[in-house]
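For what it's worth, full-length UniProt numbering labels the leading residue of the sequence shown as 1, then goes sequentially.
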Amino acid sequence: MSFEDLWWTYESLVLSIGINCLLALSVYLVLATGQMFLAQGAFMAIGAYTSAMLSLKCGLALPVTLVLAMTVSGLVAFAICWPMLRLSGVYLGIATIAFGEVLRAVIINSEPLGGALGLNGIPTSASPALIYGAVLICIVGCFAAIRSKVGRAMEAIRSDETAAQVLGINVFRYKMAVVVVAAMVASAAGVLNAHSHSSISPEDFSFEATVTILSFAIMGGISTPIGAVLGAAILTSLPEALRGLADYRSLINGLIIVLVVAFRPEGLVSWRVPKARRHA
């Protein structure tokens, strides 16, 4: 098989792995501060539909629509943070899931957005270089944050919010900043997904999609960005590897996650990035 034939066969899988790595990094960020913020699917939808409409109706190029879509998602995340981040744990999770389902209902009932059928004919201008370049930038950014004061604050918040406040850490501000950044990363994934598959529909951003995104980080581990990326790569590749067991994909996928949680609760990758040394 020639390289061209090989690429034609697996192009969609390669692009999907990169996009899912971005989504995994998005959920990694919020879990790194101990937040059950489960609106990645919603912000992916905001990014995808914003970029698609700007491309189809205004004829704007992908770099422009990418920036605008991420900006819109960041502003929406900032707006919903004020009421939602007063919640914590399962209550925050339920609130963010509800936000995603309400948004999906709005899209389904919106004729300009294509309703339940979604949008087609989106320019396929998302190249592998752009997708994996975005993944690399996010990974580098995550590691830079981990090794800085921001990373120490995030770990303190995840461990004990009350103790973090006593230490002078502005918990609400850090949590809000992390959510906004995570929303923008998920939005970028939505944009790249729309411009690599040429079509989107509300079903792409359902609660099931949110659970799948969460499973990337759970499987890989949230102690390092590499764990989230590894989890995304494995779970995205799994359907292709199990093509002969198509009827049992969901069962096998769920079983693998259960086994990882049972025997490796910290995920497949559990090492931590060394803290930067303080100089006198």
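Yeah, the Cβ is synthetic: ideal placement off N, Cα and C, and Gly gets one too.
Here the structure is a predicted model, which means the values were calculated and not measured.
| Item | Value |
| --- | --- |
| For K149 and I108, the rounded distance between their alpha carbons | 43 Å |
| Identified DSSP bridge partners for L56 | According to DSSP, which records beta bridges pairwise, L56 is partnered with nothing at all. |
| Rounded C-alpha distance that separates V67 from V181 | 13 Å |
| Supposed close pair L62, S125 - CB separation, criterion 8 Å | 5 Å |
| Expected contact under 8 Å - CB spacing of A188 and N20 to nearest Å | With a Cβ gap of about 12 Å, A188 and N20 do not count as contacting. |
| Coarse secondary structure for S51, derived from DSSP in three states | helix |
| Cβ separation of S73 and G47, assumed to be a contact under 8 Å, to the nearest whole Å | 5 Å |
| With 16 other Cβ atoms within 10 Å as the buried cut-off, status of I97 | buried |
| I218 beta carbon less than 8 Å from that of I252 | no |
| Start and end residues, alpha helix (DSSP H) containing S187 | 171 to 197 |
| Cβ contact check for the stretch 73 to 91 and the stretch 170 to 181: 3 or more pairs under 8 Å | yes |
| Reference L56, options P123, G227, A116, closest by Cα | P123 |
| Contacts around I139, its chain only, beta-carbon distance under 6 Å, and the 5 residues preceding and following it disregarded | P225 |
| Secondary structure of N20, DSSP reduced to three states | helix |
| Among F99, V211, G267, G89, nearest to V76 - alpha-carbon criterion | F99 |
| Cβ-based neighbour list, V269, same chain, cut-off 8 Å, excluding 5 preceding and 5 following | G220, G221, S223, T224, I226, G227, L230 |
| Reduced DSSP category for H279 - H, G, I as helix; E, B as strand; rest coil | Annotation note: pLDDT 46 at H279 (below 50); position unreliable, coordinate value reported separately. Correct three-state label for H279: coil. |
| Residue-chain proximity (V27, chain C), Cβ-Cβ < 8 Å | Reference to chain C is not applicable here, since this structure consists of a single protein chain. |
| Contacting residues, own chain, Cβ-Cβ under 8 Å from F207 (five flanking each side not counted) | G41, I97, G100, E101 |
| Outcome for I131 when other beta-carbon atoms lying within 10 angstroms are tallied against a minimum of 16 | buried |
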